[in-house]
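Line by line, the protein sequences give chains A and B.
Residue 55 in our numbering sits at position 55 of the first sequence, with consecutive numbering throughout.
Residue 301 in our numbering sits at position 219 of the second sequence, with consecutive numbering throughout.
Here the structure is laid out as structure tokens; the discussion comes afterwards.
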Amino acid sequence: MSSQLFERVRGIAADILELSPNQITLQSSSENVQTWDSVRHLNLILAFEQEFGLQLDPEEIDQMNNIEGITSILEQKLNHHG
Amino acid sequence: MAIAIQPYSADLIPAVRAFNKRLATGGVAPEFHFPESNIPDWLPKLDGRRIYQEYYLAVDGESVRGGFILKFQDFFLAGKLQPVVYYHLPVSEGIINKAYAGVGVHMLRSALKLRPMLFALGMGGFDRPLPQMLQALGWNLCAVPFYFKANHAAKFLREIAPLRQSESRQLLAGLAAFTGAGWAVMKLVDAVRTARPEPALLVEKIDAFSECDDDLWQQCREHYKLVAARDCQTLNILYPRDKTFLRIRISRRGKPIGWAVMLDSQMRDNKYFGNLRLGSIVDCLALPADASPVMHGATDFLKQRGVDLTISNQSHHAWGSALRSSGFLKARSNFIFAASKALAELLAPFQSTQNQLFMNRGDGDGPVNL
Chain A
1 MSSQLFERVR GIAADILELS PNQITLQSSS ENVQTWDSVR HLNLILAFEQ EFGLQLDPEE
61 IDQMNNIEGI TSILEQKLNH HG
Chain B
83 MAIAIQPYSA DLIPAVRAFN KRLATGGVAP EFHFPESNIP DWLPKLDGRR IYQEYYLAVD
143 GESVRGGFIL KFQDFFLAGK LQPVVYYHLP VSEGIINKAY AGVGVHMLRS ALKLRPMLFA
203 LGMGGFDRPL PQMLQALGWN LCAVPFYFKA NHAAKFLREI APLRQSESRQ LLAGLAAFTG
263 AGWAVMKLVD AVRTARPEPA LLVEKIDAFS ECDDDLWQQC REHYKLVAAR DCQTLNILYP
323 RDKTFLRIRI SRRGKPIGWA VMLDSQMRDN KYFGNLRLGS IVDCLALPAD ASPVMHGATD
383 FLKQRGVDLT ISNQSHHAWG SALRSSGFLK ARSNFIFAAS KALAELLAPF QSTQNQLFMN
443 RGDGDGPVNL
């Protein structure tokens, strides 16, 4: 997993979840981050789509409930898009 | 395991029951539980019908993690009849278990993929999660204005819940009712606002809609930017004889000019209406120029029956003016209309056209809670 990608994900997630970047880890998830509700989840998805210029499928969205899953899906998509 | 959106089939009923049980344990009110039958009680899909509902579930292995309903109906829009789909009752396990926070987005994106021309209606206010999600997705939202008219001011002032939000307001309302000042204020508002009805009008109670209502639909539909099909067949499906709907037709010199569907319901400790006898003007149709006589007719009809309070939600400016000229006051509305991007493109510019849409409590999931 690219550390550069993780840093970009961390920055966006911190902004939307109203946390400092160092509070975001690969294990951060909707279960252990209090501010991560369904509306913020959508805002995360939209922010990643805008930042990386891609469209996430509905099936991918439910695998994005933690930072590790998000980074992994984004990495696959970015590699696939070349 | 990945969650898949699929049509609700009979074999998933036990999983929906288990889902509802988890929602109930998490404190979710029964009205937000998903139906425990895969065949809708209201508007099932029947041969030849253009108005029907389909249920969809978010399935995670053998478990159900969410569901939503699509109501299919023709609308007159951009010069032709075309299906526009109502997205409703989206329920997600995310409301009780944050591990499923993504299910709501997944369902909404899936619904948009199935049917880009979507709308949502009601939703309880702009601050609720669904309108916030729709706004984030670039949908266009507006409130469908709410109007009310009190016929028995003393009872209205005692019962109406929004006036009782603070002790001082409760005291004021109680005092006004006791002294009769409330009645005087209401009568004054009524006298100032209520225009005189036309003498040549006939208001008749009808048991069902008929062919003359098809003619009216044909005449009226082009006068609204967006209006759901209100032909005779659709109306008799939406407002069947065996339910408690009251229907009137308004004619001028023998020619039908409009109709209204109403409810007359005795409330019992209702969170908004206390124990008032509530009259609701649920649905209606006429040319915009004839909205006033229809609203006058409906208001008088309900008053004669003895309702304490009459309410209506109407999006179109002509119908709002008609209600105001019948003595109604406007209050804050939690009844929100939201148009998907694909639908909003046909309504552009939305800010200017939102009061030319024809939406009321007959749209969406119908006159629930009235």
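For each residue, glycine too, the CB sits at the ideal point set by N, CA and C.
All values reported here derive from a predicted model rather than from experimental measurement.
Taking Cβ positions only, does residue i come closer than 9 Å to chain A?
i, result
"B/M189", "yes"
"B/Q88", "no"
"B/A140", "yes"
"B/G336", "no"
"B/I151", "no"
"B/Y182", "yes"
"B/S119", "no"
"B/G186", "yes"
"B/K231", "no"
"B/I85", "yes"
"B/K195", "yes"
"B/S145", "no"
"B/S394", "no"
"B/Q436", "no"
"B/S192", "yes"
Rounded to the nearest angstrom, how far is the Cβ of residue i from that of residue j, given a contact under 8 Å?
i, j, result
"B/F154", "B/L171", "Contact flag wrong, Cβ pair sits at about 15 Å."
"B/L223", "B/A420", "5 Å"
"B/Y306", "B/L190", "Incorrect: roughly 27 Å between the Cβ atoms, too far for contact."
"B/A97", "B/V146", "4 Å"
"B/E286", "B/R331", "5 Å"
"B/P441", "B/V226", "Pro is not the amino acid found at residue 441 of chain B; the sequence shown has Met there. 5 Å between Cβ atoms; contact."
"B/S347", "B/L367", "The Cβ separation is near 22 Å, so there is no contact."
"B/N102", "B/E118", "7 Å"
"B/F355", "B/F228", "B/F355 to B/F228, Cβ: 12 Å. No contact."
"B/L345", "B/L452", "5 Å"
"A/E59", "B/A218", "The pair is not a contact, with the Cβ atoms about 20 Å apart (cut-off 8 Å)."
Is there a Cβ of chain B sitting closer than 9 Å to that of residue i, yes or no?
i, result
"A/P58", "yes"
"A/Q50", "no"
"A/Q63", "yes"
"A/L54", "no"
"A/L5", "no"
"A/S2", "no"
Does any heavy atom of the ligand MG sit closer than 8 Å to the C-beta of residue i?
i, result
"B/I87", "Ligands displayed in this structure: none; no statement on the ligand MG is therefore possible."
Does the beta carbon of residue i come closer than 9 Å to any beta carbon on chain D?
i, result
"B/T435", "Looking at the structure shown, chain D is missing, and the protein chains on hand are A and B."
Subject >> Start-end ranges of the alpha helix (DSSP H) lying completely within the region 182-236 of chain B, minimum 4 residues >> reply: Correct list: 185-196, 211-218.
Original post:
Of the residues that make up the region 66-81 of chain A, which ones have a beta carbon closer than 7 Å to any beta carbon in chain B?
Top reply: Residues passing the 7 Å Cβ filter: none.
**OP:** Scan the region 209-228 of chain B for residues whose Cβ lies nearer than 8 Å to a Cβ of chain A and list them as they occur along the chain.
**Re:** Answer set for the region 209-228 of chain B: P211, Q214, M215, A218, L219.
**OP:** Quick one: which residues of the region 11-40 of chain A get their C-beta closer than 7 Å to a C-beta of chain B? List them in chain order.
**Re:** Going along the region 11-40 of chain A in chain order, one finds S30, E31, W36, D37, S38, V39 with a Cβ nearer than 7 Å to chain B.
**OP:** Take every Cβ of the region 393-400 of chain B, pair it with every Cβ of the region 424-432 of chain B, and state whether three or more of those distances are shorter than 8 Å.
**Re:** No, the region 393-400 of chain B is not in contact with the region 424-432 of chain B.
Original post:
How do the region 161-180 of chain B and the region 410-419 of chain B stand: do at least 3 beta-carbon pairs fall below 8 Å, yes or no?
Top reply: No, the region 161-180 of chain B is not in contact with the region 410-419 of chain B.
Subject >> Within 7 Å of chain A by C-beta, residues of the region 152-177 of chain B in sequence order >> reply: Within the region 152-177 of chain B, contact with chain A at the beta-carbon level (separation under 7 Å) is assigned to S174, G176.
Subject >> Every unbroken beta strand (DSSP E) within the region 325-392 of chain B, with a cutoff of 3 residues, ordered by chain >> reply: Listed in chain order, the complete beta strand (DSSP E) runs (minimum 3 residues) inside the region 325-392 of chain B are 328-334, 337-348, 359-368.
Original post:
Are the region 21-34 of chain A and the region 42-55 of chain A touching, with three or more C-beta to C-beta distances below 8 Å?
Top reply: With a cut-off of 8 Å, the region 42-55 of chain A and the region 21-34 of chain A do not count as touching, because too few Cβ pairs lie within range.
**OP:** Could you pull out every unbroken alpha helix (DSSP H) segment of at least 4 residues lying fully inside the region 94-178 of chain B, listed in chain order?
**Re:** DSSP runs (the alpha helix (DSSP H)) wholly in the region 94-178 of chain B: 95-107.
**OP:** Check each residue of the region 404-424 of chain B: if its Cβ is closer than 9 Å to any Cβ of chain A, include it; give the result in chain order.
**Re:** Cβ contacts with chain A: none found.
**OP:** Check whether the region 306-316 of chain B touches the region 401-409 of chain B, taking contact to mean three or more Cβ pairs, one atom from each stretch, closer than 8 Å.
**Re:** No: fewer than three Cβ pairs fall under 8 Å.
Subject >> alpha helix (DSSP H) runs contained entirely in the region 24-69 of chain A, provided each spans 4 or more residues >> reply: Listed in chain order, the alpha helix (DSSP H) runs fully inside the region 24-69 of chain A are 38-52, 58-61, counting runs of at least 4 residues.
**OP:** Flag this pair as touching only if the region 26-34 of chain A and the region 48-67 of chain A have three or more C-beta atom pairs under 8 Å; answer yes or no.
**Re:** Yes: at least three Cβ pairs fall under 8 Å.
Original post:
Quick check: the region 197-209 of chain B against the region 126-138 of chain B, are there 3 or more CB pairs under 8 Å?
Top reply: Segments in contact, no.
Subject >> Cβ pair count under 8 Å reaching 3, the region 378-392 of chain B against the region 232-240 of chain B >> reply: Enough Cβ pairs lie closer than 8 Å, so yes.
Original post:
Using 8 Å as the Cβ pair cut-off and three pairs as the minimum, do the region 4-15 of chain A and the region 156-164 of chain B touch?
Top reply: Taking 8 Å as the limit for Cβ pairs, the verdict is that the region 156-164 of chain B does not touch the region 4-15 of chain A.
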